[in-house]
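Numbering-wise (our numbering), the sequence shown opens with residue 8 and increments by one. Even for Gly, the Cβ is constructed at its ideal location relative to N, Cα and C. Notes follow once the structure below has been shown.
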Amino acid sequence: MMAAKAALAEAKQKLREAVLAQPPLLRSAIEQIKATEASLQGALQDQQGVAVNLNRTAIGYQQLARQAETDRALYESVLRQIKETNLTKDVKANAVSVIEHSQFSNFPVSPRPTKTIMLGLLGGLAVGLALVFGADALDRSIKTVDQAETTLGLPVFAAVPETTDEGPVSRLKRRSKAFGRSNYRVVVETPESPAAEAFRNLRAALSLLGPEAERKVSLFTSAVPNEGKSFTSANYSLALAQQGYRVLLIDGDLRRPNMHKIFRFANPRNNSEEDSTPGVTDCLVGEADVASAARRIPAGEFQLVDEDIELTGKILTATGGQLSVLAGGRRAPNPAEILAGPFFGRLITEAATIFDRVVIDSSPILAVSDTLLMTPHAQTVCIVIRAGKTPRPAVRRAITLLAKSGIRPAGLVLNRLRRSRGVGYYYYYASHGYGKEEGAYSRSYTRGYGHRSESDHEGNGA
Numbered sequence: 008m009m010a011a012k013a014a015l016a017e018a019k020q021k022l023r024e025a026v027l028a029q030p031p032l033l034r035s036a037i038e039q040i041k042a043t044e045a046s047l048q049g050a051l052q053d054q055q056g057v058a059v060n061l062n063r064t065a066i067g068y069q070q071l072a073r074q075a076e077t078d079r080a081l082y083e084s085v086l087r088q089i090k091e092t093n094l095t096k097d098v099k100a101n102a103v104s105v106i107e108h109s110q111f112s113n114f115p116v117s118p119r120p121t122k123t124i125m126l127g128l129l130g131g132l133a134v135g136l137a138l139v140f141g142a143d144a145l146d147r148s149i150k151t152v153d154q155a156e157t158t159l160g161l162p163v164f165a166a167v168p169e170t171t172d173e174g175p176v177s178r179l180k181r182r183s184k185a186f187g188r189s190n191y192r193v194v195v196e197t198p199e200s201p202a203a204e205a206f207r208n209l210r211a212a213l214s215l216l217g218p219e220a221e222r223k224v225s226l227f228t229s230a231v232p233n234e235g236k237s238f239t240s241a242n243y244s245l246a247l248a249q250q251g252y253r254v255l256l257i258d259g260d261l262r263r264p265n266m267h268k269i270f271r272f273a274n275p276r277n278n279s280e281e282d283s284t285p286g287v288t289d290c291l292v293g294e295a296d297v298a299s300a301a302r303r304i305p306a307g308e309f310q311l312v313d314e315d316i317e318l319t320g321k322i323l324t325a326t327g328g329q330l331s332v333l334a335g336g337r338r339a340p341n342p343a344e345i346l347a348g349p350f351f352g353r354l355i356t357e358a359a360t361i362f363d364r365v366v367i368d369s370s371p372i373l374a375v376s377d378t379l380l381m382t383p384h385a386q387t388v389c390i391v392i393r394a395g396k397t398p399r400p401a402v403r404r405a406i407t408l409l410a411k412s413g414i415r416p417a418g419l420v421l422n423r424l425r426r427s428r429g430v431g432y433y434y435y436y437a438s439h440g441y442g443k444e445e446g447a448y449s450r451s452y453t454r455g456y457g458h459r460s461e462s463d464h465e466g467n468g469a
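Dropping the structure here:
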């Protein structure tokens, strides 16, 4: 037993000594490892420096290699040219000799003037035709009555010629400052003009559409602004009044009213062109009625004498004829909302009980929605088109919008046909009239179509 304890104690002592001897050994191993690591780190840095130097050397080598390739290609090219030059030098030139002299011709061979002139004429004709047909293809406006009827599928009731600077009225207007009337009212101011006759044709055409009770309320509109709606409405109303009807002309364009300017309803307080009298807006909001707001155009005649020019015209020639105008009145901030209610229908019903005919001048269909709210209350809807200006797609779109509202236009009025001659135009309108002197005879043709004038408020442009 004692021997075992002694052996155990001896073993523990040896173990203790072995444990105490390990730290120095470990420190020595660690120091060796660190030394090895430092050596390897230095070797790594050396290798990295070698790699950088190799990369630099490789870049230089690549540049030299490309330069060598370029020089080699240049050398081969020069060598090839030298060989070609040597081959060419060895080839002898063919000897050329005159065997026989040519004979002179009695006629010039080239150029041939006749042929050149004919080719030039044919080429110019072809280019001219191409330009004409190209311009016609690019022009999408409606230029002729046949084109309007064929394209749109609606009849043209009247073709109104250009009225700017037409006849003695315009000459008198330029020479007399006292002449205050606008040349909007051609039915009154130039009753023998082609434009006045066109509105009498319009009056006759609309009278043949059906029973009188079914064509009592007429509405004139257009696809886009400045087509001549107000001009057409005013003169058609005057033509009806001349036939003996009691006519009410309603200015339904509440955003840009024009009737107070056409019939000179100016504000006497400030001499402005703004209308201060009650009108359509006042009737719709309940502040006036049709009987009190409508302004009657006085019947009678006017006579203007200026040197050798004498002009006499009668506004009303039939017994009982009367024209009253219901102007737009004060500007409405929300015309569409006012027209959407039942008030406009009541206004038309009231007007139809007082007057024989009701004519409405409305807004452009594509510009605002006001006209689409008015058309259900009209029995006859006519679209005014400005010849040579209104795009065909715009008119088609306007007709489509009317169709979606359940309205089919009765027909068209082609406005502002110009008195000009040109390729592609033909005579459509001709009027004959006798002057004051016995035997005097005049004939005027309207051919061609007008463009936008300098002022849309002069003549038949509004």
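Practice item. Could you have a look at L22 and say whether DSSP puts it in helix, strand or coil? Key: helix
Practice item. Please find out if some non-hydrogen atom of the ligand COA comes closer than 6 Å to the beta-carbon of R253. Key: Among the ligands in the structure shown, none appear at all, so the ligand COA cannot be discussed.
Exercise for review: Check each candidate in L61, T360 and N341 and name the one with the smallest Cα separation from V297.
Suggested key: T360
Practice item. Just grab the DSSP bridge partners of I367 for me. Key: L226 and I257
Point to revise | Local Cβ density within 10 Å of I40, reported as buried at 16 or more and exposed below that | key: exposed
Check your understanding: Can at least three beta-carbon pairs, one atom from the stretch 366 to 380 and one from the stretch 254 to 271, be found at a separation below 8 Å?
Key -> yes
Check your understanding: In whole angstroms, what separates the C-alpha of G49 from that of V57?
Key -> 12 Å
Review point. R353 and S331: beta carbons closer than 7 Å?
Key: no
**Study point:** C-alpha gap between K19 and L33, whole angstroms
**Key:** 22 Å
Point to revise | Y237 versus N265 - alpha carbon distance | key: Inspection of the sequence shows that residue 237 is occupied by Ser rather than by Tyr. Distance between the alpha carbons of S237 and N265 is about 7 Å.
Check your understanding: If you run the structure through DSSP and keep just helix, strand and coil, what is A339?
Key -> coil
Review point. If we count the other Cβ atoms within 10 Å of its Cβ and call it buried at 16 or more, is H384 buried or exposed?
Key: buried
Practice item. Could you name the residues of the same chain whose beta carbon sits closer than 8 Å to that of V375, not counting the 5 residues immediately before and after it, in chain order? Key: R262, P342 and A343
Check your understanding: What is the DSSP secondary structure of V195, counted as helix, strand or coil?
Key -> helix
**Study point:** Reference P232, options P201, A212, H108 and L373, closest by Cα
**Key:** L373
Practice item. Check the DSSP bridge columns for I390 and list the partner residues they point to. Key: T228 and L419
Review point. In whole angstroms, what is the alpha-carbon distance linking A246 and A205?
Key: 10 Å
Practice item. Would you tell me roughly how many angstroms separate the C-alpha atoms of A7 and G131, rounded to the nearest one? Key: Residue 7 lies beyond the stretch modelled for the chain, which goes from 8 to 469, so this question has no answer here.
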